[in-house]
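Q:
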Amino acid sequence: MSEARAEGMRLPTLVGFATGGVVGSGWLLATGYAAQQAGALALVSWAVGGLTFLCLATAMGWLAATRSRPVPLISWPERTSGRVVTIFAGWCIWIVYAANPPIEASASVQYLGRFWPAVWNGDVSQPQLTVLGIAVAATLMALFLGINVLGVRWLVRAAVPLSYVKLSVAVIAALALFASGSWHWSTVTAHRSADGGMTSALQAIGTTGIVFAYTGFQGPHDLIRRAKNPHRDAPLATIIVLVVSLVVYTALEVGFLGTVPTADVKRYSGRQQFLDLAQSLGMTWLFVIVAIDAMISPAGTALVFTAFLDDEVKEYAANRYQARGLSRWILGSFRWRLLGRWRLGHAMAANYVAGLVFLIRLPAWNSIVSHTSCLVVVAYITAPVAYVALLRQRRVEPNRPRWFVSVVSVLGFVMGTLVLYWTGWTFLGPELLIALLVGLVSTYRMWPTRWGRRQWQHGAWVVIYICGLVLLSLFGAQGWHSTANTIPKPLDSFAVGLFALLVFIGAVRSARAGEEVSTPADWDTATAGA
């Protein structure tokens with residue numbers, strides 16, 4: 213890690229890491245699942261998702277530029293909203309990051325099932341990995357972990373070139389579909405969403421892998437301590453990658469919809485989408501390229517996320533966001549050494565075990581994606597709150613009009629909330645309730661102390677936000693069975709948007725005035741008498 217800081221990552225390297233985080237298994241699988249659920253309206257799904265993440269990424273970039281010293285994403289909310297919000301957001305980030313290696317490994321194994329049918333069962337109503345497939349995916353995750361243990365130099369050399377290769381293959385695949393002779397605009401418009409309207413298209417943003425496909429743009433911010441010019445290059449890299457990925461994903465979706473007949477979409481989406489498509493079009497060369505990329509692309513993304521996750525978990529422990537004993541354990545490492553030289557950190561081991569749990573409990577790419585992707589939005593929306601709070605307190609001065617900064621930040625928060633709500637109760641409600649429970653348990657030591665009550669004063673908005681979103685999701689158009697459609701559409705979306713706006717205003721107004729909210733020493737002092 214110290215070697216990487218000495219080198220200093222430049223803009224092309226940061227763009228490579230961001231590309232590696234964004235362009236993974238999303239284009240290989242989300243394209244078909246989105247087409248199956250949303251039809252031609254999948255183009256709206258990709259556009260809304262891309263615009264949402266672009267607003268959030270812009271606010272995150274502005275916030276990163278305000279720091280006197282570069283810190284990872286997990287520490288950002290603490291500056292204005294205190295430890296309560298940081299702990300909640302931190303757990304959400306950890307869950308999503310820990311889920312990424314099994315997601316990418318399962319994607320590789322799903323495509324491997326084309327050549328090794330024993331690892332993938334695609335002939336059932338819910339296609340998933342077999343027991344052997346789970347074992348192969350777990351081995352791939354161990355390989356990702358081992359490469360990370362070898363050191364950051366190895367990681368940079370492997371991940372950055374792979375990122376540009378992955379992007380090139382996605383572009384080539386999109387162009388090949390348009391040039392195949394089988395693409396027709398009339399075929400694109402013939403596709404219909406599952407419910408014939410916008411509801412399925414909006415839900416597809418969170419449930420078919422679109423949110424997941426954009427997740428990973430924050431890589432330069434996670435690795436910001438290693439950047440040569442962090443305040444300029446990290447925000448710029450995220451914007452470049454998101455704009456490029458939005459264009460590429462849209463082109464792939466248009467190419468897929470225009471080439472695959474309506475009756476065949478479900479068959480393609482449940483198997484090896486682009487391999488089957490290349491074979492049906494007689495493009496052997498594309499079949500070979502996609503087959504190779506199906507191994508490289510997810511692996512490259514998993515490598516990047518393995519590095520992100522290790523940094524975030526260590527930052528979480530170093531600032532004592534968990535109990536003291538757990539923090540010390542995470543920062544430690546096993547006494548035995550790998551290959552006589554490298555230690556396996558406790559953080560990496562814990563992340564690997566968490567990934568195995570996801571893989572065993574949800575043995576399919578779309579299952580893990582649909583149940584975990586929404587949590588990353590909860591973490592991302594803390595950035596617009598923090599930045600606007602700093603503006604309101606005149607603690608930062610933007611180099612652009614204040615109204616523009618505020619509008620982009622509010623749009624990011626409101627649109628992010630709507631994306632969460634549109635995911636539906638089935639995929640959103642249980643996950644948010646688990647995040648709420650874990651966050652409350654993690655902050656219980658604050659409750660009896662005067663210092664802790666001050667933290668809750670500045671961060672209670674996140675609990676109100678989660679509880680309100682859960683209730684709106686329960687009684688909204690895609691609610692839970694008997695309570696569904698209590699708030700009819702489109703009134704439910706207007707209600708969620710208004711709720712998000714009110715929470716945003718309350719969060720900004722309740723923000724702490726002061727440069728730093730707390731330090732590890734504050735934690736010790738505050739909890740000594742608890």
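Heads up: the sequence shown runs through residues 213 to 742, numbered per the numbering used here.
For glycine and all other residues, C-beta sits at the position ideal for the given N, C-alpha and C.
Remember, predicted model here, so these are calculated numbers, not experimental data.
#1: Do you know how far the Cα of Leu714 is from the Cα of Gln322?
#2: Going by C-alpha to C-alpha distance, which of Ala595, Ser380, Leu263, Ala463 sits closest to Ala752?
#3: Determine the direct distance from the alpha carbon of Tyr633 to that of Leu785, and round the result to whole angstroms.
#4: Go ahead and pull the three-state DSSP assignment for Met410.
#5: Please list the terminal residues of the continuous alpha helix (DSSP H) segment that includes Met627.
#6: Would you mind sorting Ala535 into buried or exposed? The rule is 16 or more other CB atoms within 10 Å of its CB.
#7: Select from Trp306, Met410, Gly302, Ser492 the residue whose C-alpha is nearest the C-alpha of Val674.
#8: Can you check which of these residues, Gln249, Gln690, Leu681, Gly718, is closest to Thr474 by C-alpha distance?
#9: Is Val597 near Thr264, with beta carbons less than 7 Å apart?
#10: Name the two residues that bound the continuous alpha helix (DSSP H) containing Asp704.
#11: Which same chain residues, not among the five before or five after Gly741, have their C-beta less than 6 Å away from its C-beta?
#12: Assuming the contact rule is C-beta atoms closer than 8 Å, Met221 and Lys440 should be a hit. Round their C-beta distance to whole Å, please.
#13: Check whether the Cβ atoms of Gln484 and Arg326 lie closer than 7 Å to each other.
#14: Taking only the alpha-carbon atoms, compute the straight-line gap between Thr163 and Ile580 and give it to the nearest angstrom.
#15: Return the first residue and the last residue of the alpha helix (DSSP H) that Gly651 is part of.
#16: Quick one: grab the DSSP three-state call for Trp288.
#17: For the alpha helix (DSSP H) that Ile451 lies in, which residues bound it at each end?
#18: With distances taken Cα to Cα, identify the nearest neighbour of Leu710 among Leu681, Ala723, Tyr461.
#19: Using C-beta distances below 6 Å, list every residue in its chain close to Asp505, excluding the 5 sequence neighbours before and after it, in chain order.
#20: If the criterion is Cβ atoms closer than 7 Å, does the pair Gly261 and Tyr426 meet it?
#21: Ile417: which of Thr496, Arg295, Leu448, Tyr461 sits nearest, CA to CA?
A: Quick answer:
#1: 43 Å
#2: Any property of residue 752 remains undetermined from this structure, which presents the chain solely from 213 to 742.
#3: Because the chain spans 213 through 742 in this model, residue 785 falls outside it and cannot be assessed.
#4: helix
#5: 614 to 634
#6: In this prediction, Ala535 has a pLDDT of 44, which is less than 50 and means its spatial position is unreliable; what the coordinates show is noted afterwards. That one is exposed.
#7: Gly302
#8: Gln249
#9: no
#10: 703 to 721
#11: No answer about Gly741 holds up, because its pLDDT of 38 lies below 50 and its placement is not dependable.
#12: 6 Å
#13: yes
#14: Nothing can be reported for residue 163, as the shown portion of the chain is limited to 213 through 742.
#15: 637 to 654
#16: coil
#17: 442 to 471
#18: Leu681
#19: Val381
#20: yes
#21: Tyr461
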